[in-house]
Amino acid sequence: MYVPKPFVETDPAVLHRLIETHDFALLVVSGGPGEAPEAVHLPVVLDPARGPRGTLESHMARANPLWRRFESGGEVLVVFQGAHGYVSPTWYQAPEASVPTWNYEAVHAYGTPRLIEDMEAARAQQARLVARYESAPGGWRMDGTKEGLVDGLLRGIAPFEIEIARLEGVRKLNQNKPPADRRGVVAGLRATGRPGDAALADLMEEATDL
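Quick note on my numbering: the sequence shown kicks off at 457 and runs consecutively.
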């Protein structure tokens, strides 16, 4: 991904945190000769301790033919989109010398998917997924379902994992602007009332030491 130098993010801890926070990702698989790429939106769980850069775990419906492209052994791209929002020039000290822009953060993760064919390994993967999102007391448990329900559902999905081969990160948060302009953007974002702008303002304050 093209990233101007001021906005490059390489800290693995920062990239992992973005993946874990914005874990509904876009998985992109290249097409064959003359074919367009295909993509699917999926929940993706990161295991940061597996592999030098971490391992991603997910699954899709077996009825979705996209998983069959994994059998070719090619690399895929997983896109994690973080906070983002419109930035008005009126929030800068000299609006007449600026144009609108868009602040955002994102991570691109690359790797080769490995299908999980073993039923017990697939069950363990889904148990990890459930544990992540059902951590509250009294949460849903796989072992609390009717007999045969989970096995039937497991047969209907294509679970997989991707050991991350490389990570690319971008955080475009007005780092190339003076502190006064960044403070103006933060104030402007907080005043819009648009969903997500407050989160972007928080991110700017944290990331640029305002």
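Note that beta-carbon positions come from the ideal geometry of N, C-alpha and C, so glycine has one too. The structure presented is a predicted model; accordingly, all values stated were derived computationally and were not measured.
Tell me the residue span of the alpha helix (DSSP H) that contains residue i.
| i | result |
| --- | --- |
| LEU512 | It is not in any alpha helix (DSSP H) - LEU512 instead sits in the beta strand (DSSP E) that spans 511-517. |
| ALA481 | Unbroken run through ALA481 is the beta strand (DSSP E), 480-485; no alpha helix (DSSP H). |
| GLY412 | With the chain covering 457 to 666 only, the question about residue 412 has no answer from this structure. |
| THR477 | 468-477 |
| GLY608 | 605-610 |
| TYR589 | 575-589 |
| LEU656 | 653-663 |
Tell me which residues share the same chain as residue i and place their Cβ nearer than 8 Å to its Cβ, disregarding the 5 neighbours each side in the sequence.
| i | result |
| --- | --- |
| LYS633 | TYR548 and VAL641 |
| GLU527 | LEU571 |
| GLY644 | VAL543, SER544, THR546 and TRP547 |
| GLY529 | THR568 |
Please list the terminal residues of the continuous beta strand (DSSP E) segment that includes residue i.
| i | result |
| --- | --- |
| GLN537 | 532-543 |
| TYR566 | 557-571 |
| ARG627 | 613-628 |
| LEU502 | 501-503 |
| ARG522 | Residue 522 is actually Leu in this sequence, not Arg. Neither: LEU522 is in no beta strand (DSSP E) and is coded neither H nor E. |
Using a threshold of 8 Å, state whether the C-beta atoms of residue i and residue j are closer than that.
| i | j | result |
| --- | --- | --- |
| VAL535 | VAL500 | no |
| GLY567 | GLY652 | no |
| ALA580 | MET598 | no |
| ALA663 | ARG639 | no |
| TYR560 | GLY594 | no |
| LEU512 | ILE618 | yes |
Go through its chain and collect everything with a Cβ distance to residue i's Cβ below 7 Å, but skip five positions before and after it.
| i | result |
| --- | --- |
| PHE517 | Rather than Phe, the amino acid found at residue 517 in this sequence is Ala. For ALA517, where only same-chain residues beyond five positions count, the Cβ hits under 7 Å are GLY612 and ILE613. |
| VAL555 | PRO545 |
| ALA562 | VAL535, PHE536, GLN537, GLY538 and VAL626 |
| ALA578 | ILE572, LEU610 and PRO615 |
| LEU498 | ALA481, LEU483, SER514 and MET516 |
| PRO551 | PRO545 |
Might you give, ordered along the chain, the residues of its own chain that have their beta carbon closer than 6 Å to the beta carbon of residue i, omitting 5 neighbours on each side?
| i | result |
| --- | --- |
| TRP596 | GLU590 |
| ALA636 | GLN549 |
| ALA495 | LEU482 and VAL484 |
| GLU531 | TYR566 and THR568 |
| GLY683 | Residue 683 is absent from the model: the chain starts at 457 and stops at 666. |
| ASP467 | none |
Is it the case that the CB of residue i approaches a heavy atom of the ligand GDP more closely than 7 Å?
| i | result |
| --- | --- |
| ARG639 | Ligands are entirely absent from the displayed structure, and the ligand GDP is therefore not among its contents. |
Give a yes or no on contact between the stretch 610-623 and the stretch 563-574, applying the rule of three or more CB pairs nearer than 8 Å.
With a cut-off of 8 Å on Cβ pairs, the stretch 610-623 is in contact with the stretch 563-574, counting three or more such pairs.
Three Cβ pairs or more, each shorter than 8 Å: is that satisfied between the stretch 646-662 and the stretch 483-502?
Three or more Cβ pairs closer than 8 Å define a contact, and the stretch 646-662 falls short of that threshold against the stretch 483-502.
Any chance the stretch 466-482 sits against the stretch 496-511, with 3 or more Cβ pairs inside 8 Å?
Touching, yes, given that three or more Cβ pairs across the two stretches are closer than 8 Å.
Closer than 8 Å is the cut-off here; do at least three beta carbon pairs connect the stretch 549-566 with the stretch 617-627?
Yes, the stretch 549-566 touches the stretch 617-627.
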